[in-house]
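S.K.:
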Amino acid sequence: MAATMQAANRLQSVLKAGKTAYGVWQMFPGANLSRVMARCGFDWVLVDTEHGNIDDAQMHEAVGAIAATGVSPVVRIAANEGWMVKRMFMVNTAFSTGMGTDGEIGALDAGAHGILVPLLETADDARKLVQSAKFPPVGKRGFGAPFAMGSIGNVSPIEYLQHANDALITAVQIETKSALDNVEEIARVPGVDVLLVGPWDLGNNIGRPVVTAEFHPDLEVAIERIRRAATDNGKKAGIYCPSGEFAKKYIDQGFHMVRPAFSFLFLASASCCHHLLIRFRVP
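Just so you know, we're using this note's numbering here: the sequence shown kicks off at 204 and counts up by one.
#1: CA-CA distance, Gly394 and Ala234?
#2: Bridge partners for Lys439 per DSSP, in chain order?
#3: What do you reckon, are the CB atoms on Trp247 and Ala271 nearer than 8 Å?
#4: Using the C-alpha atoms, what's the distance from Pro420 back to Met291?
#5: So, using beta-carbon positions, are Ile318 and Val386 closer together than 8 Å?
#6: Is it buried or exposed, Ala241, if we count other Cβ atoms within 10 angstroms and call 16 or more buried?
#7: Is Phe231 near Asn256, with beta carbons less than 8 Å apart?
#8: Taking CB distances under 8 Å as the criterion, tell me whether Val461 reaches chain C.
#9: Apart from the five residues on each side of it in sequence, which residues of its chain come closer than 7 Å, Cβ to Cβ, to Ala329?
#10: Return the CA-CA distance between Gly401 and Tyr443, expressed in angstroms with no decimal places.
#11: With a 10 Å radius around its C-beta and 16 neighbouring C-beta atoms as the bar for buried, classify Thr415 as buried or exposed.
#12: So Met266 and Ala220 are in contact, right, with Cβ under 8 Å, and what is the actual spacing, rounded?
#13: Determine, using beta carbons only, whether Asp369 and Gln229 come nearer to each other than 8 Å.
#14: From this set, Gly406, Pro349, Asn407 and Asn436, which residue's C-alpha is nearest Leu364's C-alpha?
#15: Which residues in the same chain have their Cβ closer than 6 Å to the Cβ of Ile426, if we skip the five residues on either side of it in sequence?
#16: Ser275 and Leu214 - do their beta-carbons sit closer together than 8 Å?
#17: Hey, quick one: how far does the alpha helix (DSSP H) through Pro360 stretch, first residue to last?
#18: Under a three-way DSSP split, which group does Pro402 fall into?
#19: Grab the span of the beta strand (DSSP E) containing Gly226 for me, first residue to last.
#20: Excluding the 5 residues flanking Ser381 on each side, which residues of the same chain have their C-beta closer than 6 Å to its C-beta?
#21: Compare the C-alpha of Ala336 against each of Leu218, His366, Ala268 and Arg411 and name the closest.
#22: Please report the distance separating the alpha-carbon of Asn357 from that of Asp251.
#23: Let me check understanding here. Comparing Cα to Cα, which of Thr207, Leu218 and Gly410 lies closest to Met460?
#24: DSSP on Cys218, reduced to helix/strand/coil?
#25: Near Pro463, what residues of its chain come up, given a Cβ to Cβ distance below 6 Å and the 5 sequence neighbours on each side ignored?
#26: Which residues in the same chain have their Cβ closer than 7 Å to the Cβ of Gly273, if we skip the five residues on either side of it in sequence?
#27: Hey, out of Lys331, Val278, Ala432 and Gly441, whose CA is closest to Asp384's CA?
Structure, rendered in structure tokens:
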């Protein structure tokens, strides 16, 4: 059944086939929005609980809606904390009550096909993530939530337990100077599948902020270093792109996973386009 789970993970299937995986970022809540974006032809939809306006329960609904279309739901958690990897408890409740890991279902337990962890700094951070994301003997992830199986091949609980370590994607964001300095060591950590560049935070952290339509040459050098670290160690390289033009550029450069759009941009650009058509229509 390992093949069944891996085939159900569209993102992993595309990456293993050596193809480019195209994705979109969801920053607003709503399972209907999840379905609309998932049906646009993307391979994966990332549900953003770091910067997006999405709480744990809304993330749970989005994951199921995306998976039901045959597209891979990926969740960006807010921090490299084990309870966020497994459960993604609502932040406001967790910090106001001190309840720790009790609370809503989330992230991998909700059925995500992969997770993305921001602001990783060192190889030790990467190893900590793998411990949280993988079942024993690879890691220390607990088993118990009954929801994930229906989102990835409708397998049995035992099949999920046996094959999830290989079928799910663990991705890390390289977006700080410390992470860049340690990127080769991070890329060598077993269990990490994808290194994804966050160019805006990375540019800020290395003193080359993105303030024009083009990235600074030093930032481009850093981006290429991350790509090479990933590919040299058998991992995949991804990047957050501001447009389709940037996505094409980085695909040509050898990146495997690109995000050329996000929900806010979809809504804003479509609204502006139709407004202009109406306001300046030719009689």
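Where is the CB? At the ideal position from N, CA and C, for every residue including glycine.
M.R.: With the given structure in hand:
#1: Stepping through the sequence shown from its first residue, residue 394 is reached at position 191. Stepping through the sequence shown from its first residue, residue 234 is reached at position 31. Near 30 Å, if we compare the C-alpha coordinates of Ala234 and Gly394.
#2: Residue 439 sits at position 236 when you count from the first residue of the sequence shown. For Lys439, which the question treats as bridged, DSSP gives the partners Val397.
#3: Taking the first residue of the sequence shown as position 1, residue 247 is located at position 44. Taking the first residue of the sequence shown as position 1, residue 271 is located at position 68. No, the pair does not count as a contact, with Cβ atoms beyond the cut-off.
#4: Mapped onto the sequence shown, residue 291 falls at position 88. Mapped onto the sequence shown, residue 420 falls at position 217. Confidence at Met291 is low in this model, with a pLDDT of 46, below 50, so the placement of that residue is unreliable and no value is reported for it.
#5: Within the sequence shown, the letter at position 115 stands for residue 318. Within the sequence shown, the letter at position 183 stands for residue 386. No. Outside cutoff.
#6: Along the sequence shown, read from residue 1 onward, the residue named residue 241 stands at position 38. Classification of Ala241: buried, given that the 10 Å Cβ count is 16 or more.
#7: Position 28 of the sequence shown holds residue 231. Position 53 of the sequence shown holds residue 256. Closer than 8 Å, so yes.
#8: In the structure shown, chain C does not exist; there is a single protein chain.
#9: The residue you call residue 329 lines up with position 126 of the sequence shown. Only Leu323, Val375, Ile389, Val392 and Val395 meet the Cβ criterion.
#10: Here residue 401 refers to the residue found at position 198 when the sequence shown is read from its first residue. Here residue 443 refers to the residue found at position 240 when the sequence shown is read from its first residue. Using only the alpha carbons, I get a separation of about 6 Å.
#11: What you label residue 415 is simply residue 212 of the sequence shown in a count that begins at 1. Exposed, because fewer than 16 other Cβ atoms sit within 10 Å of the Cβ of Thr415.
#12: In the sequence shown, residue 266 corresponds to position 63, counting from 1. In the sequence shown, residue 220 corresponds to position 17, counting from 1. Reading off the sequence shown, one finds Val at residue 266, where the question assumed Met. Actually they do not touch by this definition, with Cβ atoms about 23 Å apart.
#13: On the sequence shown, residue 369 is found 166 positions in, with the first residue counted as 1. On the sequence shown, residue 229 is found 26 positions in, with the first residue counted as 1. It is not a contact, given that the beta carbons lie outside the stated cut-off.
#14: The residue you call residue 364 lines up with position 161 of the sequence shown. Selected option, being the one with the closest Cα: Pro349.
#15: By one-based count along the sequence shown, residue 426 stands at place 223. A distance below 6 Å between beta-carbons, with the five flanking residues on each side excluded, links Ile426 to the following residues of its chain, in chain order: Val400.
#16: Counting from 1 along the sequence shown, the entry for residue 214 is found at position 11. Counting from 1 along the sequence shown, the entry for residue 275 is found at position 72. Cβ atoms of Leu214 and Ser275: closer than 8 Å.
#17: Here residue 360 is taken as the residue at index 157 of the sequence shown, counted from 1. Unbroken alpha helix (DSSP H) run through Pro360: Pro360 to Ala370.
#18: Along the sequence shown, one-based indexing puts residue 402 at 199. Correct three-state label for Pro402: helix.
#19: Within the sequence shown, numbered from 1, the residue matching residue 226 stands at position 23. For Gly226, the enclosing beta strand (DSSP E) begins and ends at Ala224 to Gln229.
#20: Position 178 of the sequence shown, counted from the first residue, corresponds to residue 381. Taking C-beta separations shorter than 6 Å and ignoring five residues to either side along the sequence, the partners of Ser381 in its chain run Glu324, following chain order.
#21: Along the sequence shown, one-based indexing puts residue 336 at 133. It is His366.
#22: In the sequence shown, residue 357 corresponds to position 154, counting from 1. In the sequence shown, residue 251 corresponds to position 48, counting from 1. Taking the straight line joining both Cα atoms gives about 24 Å.
#23: Here residue 460 refers to the residue found at position 257 when the sequence shown is read from its first residue. Closest in C-alpha terms to Met460, from the list Thr207, Leu218 and Gly410, comes Leu218.
#24: Sequence index remark: in the sequence shown, residue 218 carries index 15 (1-based). It is worth fixing the name first, because residue 218 is Leu in this sequence and not Cys. Reduced to three states, the DSSP call for Leu218 is helix.
#25: Indexing the sequence shown from 1 puts residue 463 at position 260. Cys444, Gly447 and Ala450.
#26: Against the sequence shown, residue 273 aligns to sequence position 70. Residues of the same chain with a CB within less than 7 Å of the CB of Gly273, apart from the 5 flanking positions on each side, are Arg213 in chain order.
#27: Taking the sequence shown and counting its residues from 1, the one referred to as residue 384 is at position 181. Residue Ala432 is the option with its Cα nearest to Asp384.
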